[in-house]
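Going by my numbering, the sequence shown opens with residue 2, and the numbers climb by one from there.
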Amino acid sequence: MGKRKKLYTRFFMSLTAISVCCILVLAVVIFYWYRNITIDNVNKANQNVLVNTETVFINYKEIVQNYAMDFYRNPNINALMMNGDTSWSDQLYSALSQIRGALVVNQYMENAYIMGVDEPVAMFENLPLSPESKLELFSRMRKNVIVESPFLWEATLNNGTPITLLTVFYNDRAFADSEYYGAVALTVNLGKLQNNLFTQKEGEITRYAVLDGNASVLMHSALDTPLEEGMLKQVVASSPERGSFVYRGSGEPQLITYVYSAADKLWFVSETSYRDSIRDISNARTLMTGLCLALIIAAALTANLISRRMYKPIGRLFGNIVHLSGNEEALKTGGDFDTVSQELEQIGVKLEQLKKESDDSALMRWLLSPRGTPENSSTPMMSIAASGGAYCVCVLTLLESEPSEGSGQTFGEGIEQIELAFSELAAVQSFHPHQGTAVLILSELRSGSFDDYALFRGKWEDIAARLQHSDVSCALGISGLTDDLHLLRAKYNEAADSLQYIKFHVHQNIIFADDTIHLNSSPMPDSALEPVLQAVRQTELSGHIPQAVERLLAVACSYRAESATIALARLAFELSRTAELNADVQQSGFLDNYQRIWQIQSYDKLLHWIVDSCNTALERIASMSAVQTKSIAVEAICYIRDHYDDSRLSLNALADKLSLSPAYLSRLIADEVNCSFPDFVNLLRLEQAQMLLVTELSLDIREIAEKVGYNSSTYFTTQFKKRFGVTPSKWRMNHILQKQESS
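So, in structure tokens, the structure goes:
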């Protein structure tokens with residue numbers, strides 16, 4: 002009774018523990034899944050802000066660049082730049098007034114420099130630089146090509162204060178060897194520009210900054226405390242162009258989101274309190290805890306019911322297993338599980354021993370005790386080399402993986418042909434260790450019967466030729482001759498190992514062990530594999546794969562079976578690695594290929610297996626171009642989603658950015674989203690406008706249209722009504738009325 006109670010208790014405790022573990026694991030997975038979703042939403046929102054900030058920065062940069070270009074192309078300024086004549090004239094006054102007006106209108110533009118061929122000609126400085134910095138700037142203007150505009154550099158003011166300036170310039174140096182005819186340079190005060198980039202709303206806890214490649218803060222939003230240096234260095238050390246991470250510095254953890262601008266080599270960074278980013282999941286923690294406790298109680302009650310129903314049949318089954326050996330002492334002293342486990346282990350050991358004895362013992366006794374008396378009629382009487390003559394061992398096997406109905410008859414005919422061919426020379430004794438294999442021992446009837454080795458070998462080759470023309474494929478492995486009875490086991494292994502060479506020879510089904518002794522035992526060179534690999538890697542050579550594999554197997558014939566198998570396994574390993582596009586394939590892949598090749602018996606199967614592996618790798622390589630095309634389409638879609646609110650977004654501009662033709666890009670986008678480029682952009686803009694109409698009630702229809710990328714509020718209204726059936730104003734009014742009714 003105690004044992005039954007113990008077994009039942011184990012059932013109950015096991016099921017309850019499994020259920021509780023599953024519930025806890027599920028709760029943890031849900032918690033972290035929901036937490037990740039929350040963090041992802043915060044990251045996406047921060048990334049959108051950073052992308053918008055990057056877009057605004059680019060716009061300001063382009064404005065300054067346009068000023069520099071216009072100044073350079075101005076005839077009066079250009080004449081001043083070329084001849085250096087600063088004498089008073091109406092033209093000079095007009096040029097200088099234009100530059101001064103640009104500096105006044107754009108307060109973030111501090112200085113303007115007109116560089117002559119040999120020296121600076123004129124300058125307007127709201128923030129005067131030191132003479133050394135001016136010379137350095139002039140030197141840069143002479144050396145830099147136009148594509149290097151703009152650039153960041155460390156300058157020094159007249160009072161010795163260092164400052165980081167963004168300098169935009171224009172000259173005619175398109176290439177490094179182009180002539181220099183002067184330049185116009187405009188410097189931007191990043192401290193003033195940041196006021197146009199960042200607008201910190203009241204109560205907003207997210208902080209923003211722009212970094213250079215040295216982790217220096219160039220611009221930032223309102224900062225009560227400076228950003229931690231360790232966090233800044235971790236941002237610039239990140240490899241993806243967009244991403245986020247949780248930084249645990251000296252204070253509380255912070256969620257850091259960053260966007261890298263490759264064109265400007267700047268990092269746009271946001272910092273949000275990690276605790277605020279997961280506030281939603283923290284509020285749901287109490288509810289999840291209560292739900293887990295309720296599920297645990299339900300699991301315990303269910304486990305109790307299942308344990309009662311499971312115990313009766315399982316207890317009876319365990320009792321029968323324990324009683325198999327009649328070990329009454331085990332029943333008295335051991336626990337139910339321990340006793341049953343021991344009894345099953347003993348039964349397994351006994352079955353394994355019986356199987357091994359059934360498969361191997363008869364053949365081993367026959368080989369090791371050739372003069373012994375058979376224990377049953379199925380084992381033939383052995384009388385090898387009774388007269389002291391020589392003998393050899395032949396292993397005859399079917400090359401078919403599954404013997405067919407006619408294979409047994411052909412197999413028996415093969416044994417009869419051997420017995421008939423050697424009836425006058427040798428006594429033939431055969432044994433069948435398992436289906437599809439026969440071991441034959443041929444011993445001389447008279448001493449010297451096998452002296453004519455050419456005759457001996459010719460008979461075997463005639464037998465092999467007749468077997469080759471039959472409907473069933475058979476192979477013969479022939480050992481060398483010996484008169485030493487103690488080498489019988491070795492000769493058997495010699496004949497069996499000879500069959501490994503069948504797979505490397507085309508139209509050959511017999512191998513003499515004497516022929517394998519002088520084969521090359523060194524490793525096959527990699528150069529033997531290269532033609533096959535080249536045929537796979539180069540599409541135009543793919544039609545030569547079968548011929549390349551045939552030539553490789555022809556080379557393998559001259560090597561030992563182990564060396565040839567290692568080389569082919571190495572080839573298969575390289576092909577599988579190509580097919581999986583994974584350079585870190587484990588070494589076990591090579592071992593699996595080696596074992597598979599070793600088990601293959603026929604030439605045709607080996608040839609087809611290698612060719613199939615080549616074709617698989619070839620198809621995978623061909624599919625890479627399709628994958629690359631897919632990635633381009635995804636990149637284009639992501640860019641549209643990030644820049645749909647830019648009124649300058651167009652198919653031609655995006656095609657230029659991706660270095661594609663507009664027609665090809667249009668087809669890729671249509672295949673990906675099932676609509677045209679204009680329809681997809683309109684859809685994104687209208688969906689965003691739909692949300693802003695009900696969340697940003699302070700914005701009028703014109704402002705919302707501009708915010709989502711429309712230049713015309715009339716066109717926006719037309720598109721909105723076409724999409725949703727009502728005008729934007731009516732959509733907003735319906736939402737307000739529904740909200741009032743629900744409240």
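We put the CB at the ideal spot given by N, CA and C, even for glycine. Computed from a prediction, not measured in an experiment: that's the story for all the values here.
Inter-residue Cα distance where the pair is residue i and residue j
i              : j              : result
alanine 300    : serine 564     : 59 Å
threonine 273  : methionine 124 : 43 Å
aspartate 130  : valine 122     : A quick correction: the sequence has leucine, not aspartate, at residue 130. Between leucine 130 and valine 122, the C-alpha separation is close to 15 Å.
leucine 191    : serine 222     : 12 Å
asparagine 583 : serine 614     : Low per-residue confidence applies at asparagine 583: pLDDT is 42, beneath 50, and the placement is therefore not dependable enough to give any value.
arginine 668   : isoleucine 641 : 15 Å
glutamine 436  : valine 30      : 54 Å
arginine 733   : threonine 207  : 29 Å
leucine 97     : alanine 264    : 32 Å
valine 507     : serine 603     : 9 Å
proline 729    : arginine 143   : 55 Å
isoleucine 705 : leucine 685    : 13 Å
glycine 413    : alanine 618    : 42 Å
histidine 609  : isoleucine 601 : 11 Å
glutamate 149  : leucine 666    : 29 Å
glutamine 509  : threonine 540  : 33 Å
threonine 162  : glutamate 137  : 16 Å
valine 43      : leucine 693    : 18 Å
glutamate 688  : glutamate 55   : 23 Å
valine 65      : glutamate 126  : 16 Å
leucine 569    : tyrosine 595   : 8 Å
histidine 487  : tyrosine 392   : 12 Å
leucine 128    : glycine 252    : 38 Å
isoleucine 503 : isoleucine 19  : 54 Å
aspartate 41   : aspartate 605  : 55 Å
glycine 449    : arginine 458   : 15 Å
aspartate 361  : proline 434    : Here aspartate 361 scores only 49 on pLDDT, less than 50, and its place in the model is too uncertain to base an answer on.
valine 440     : glycine 390    : 19 Å
threonine 438  : leucine 489    : 18 Å
glycine 250    : serine 262     : 26 Å
serine 88      : asparagine 172 : 23 Å
glutamate 531  : leucine 400    : 30 Å
asparagine 712 : lysine 731     : 21 Å
leucine 576    : tryptophan 599 : 18 Å
aspartate 225  : glutamate 205  : 12 Å
Residue i: CB within 7 Å of a non-hydrogen atom of the ligand SAH
i             : result
threonine 226 : With respect to small molecules bound, the structure shown includes none, and the ligand SAH cannot be examined in it.
Residue i vs residue j beta-carbon contact at 8 Å
i              : j              : result
isoleucine 78  : isoleucine 115 : yes
glycine 1      : aspartate 515  : With the chain covering 2 to 744 only, the question about residue 1 has no answer from this structure.
serine 444     : alanine 422    : no
isoleucine 518 : alanine 465    : no
arginine 104   : leucine 93     : Rather than arginine, the amino acid found at residue 104 in this sequence is leucine. No.
serine 662     : alanine 656    : yes
leucine 426    : glycine 415    : no
glycine 710    : leucine 650    : yes
valine 218     : tyrosine 109   : no
isoleucine 638 : leucine 659    : no
leucine 166    : alanine 177    : no
leucine 477    : cysteine 558   : no
isoleucine 479 : alanine 455    : no
glutamine 745  : alanine 555    : There is no way to answer for residue 745, as the model of the chain reaches only from 2 to 744.
valine 247     : alanine 216    : no
isoleucine 622 : cysteine 293   : no
Given residue i as reference, the closest of the options once Cα atoms are compared
i                 : options                           : result
asparagine 112    : Gln720, Phe176, Val185 and Tyr35  : Val185
phenylalanine 139 : Ser677, Leu187 and Leu97          : Leu187
tyrosine 61       : Glu120, Asn197 and Phe591         : Asn197
tyrosine 645      : Val682, Asn75 and Glu133          : Val682
isoleucine 298    : Asp680, Leu16, Lys740 and Gln99   : Leu16
glycine 231       : Glu242, Asn160, Pro254 and Met220 : Pro254
leucine 446       : Thr438, Arg243, Leu554 and Ser424 : Ser424
leucine 194       : Arg141, Ile59, Ile147 and Ile670  : Ile59
leucine 468       : Ile419, Ile442, Asp485 and Leu302 : Ile419
Beta carbon proximity, residue i to chain B, threshold 8 Å
i          : result
serine 632 : Of the protein chains in this structure there is only one, and it is not chain B.
TODO: Would you check if there are 3 or more beta carbon pairs closer than 8 Å linking the segment 263–270 to the segment 209–221?
DONE: yes
Task: Segments of 4+ residues assigned as alpha helix (DSSP H) that fall wholly inside the segment 189–250 - done: The segment 189–250 is shown to contain whole alpha helix (DSSP H) runs of 4 or more residues at 191–198 and 230–237, in chain order.
Task: At least three beta-carbon pairs within less than 8 Å, the segment 525–538 to the segment 546–560 - done: yes
TODO: Count the C-beta pairs between the segment 45–57 and the segment 248–260 that are closer than 8 Å, then say yes if the count reaches three, no if not.
DONE: Result yes; three or more Cβ-Cβ pairs closer than 8 Å.
Open item on the list: Going residue by residue through the segment 94–163, where are the continuous beta strand (DSSP E) segments of at least 3 residues, counting only ones entirely within it?
Closed with: 110–116, 121–126 and 152–157
Task: Uninterrupted beta strand (DSSP E) stretches inside the segment 443–510 (no shorter than 3 residues) - done: The qualifying runs are 475–479.
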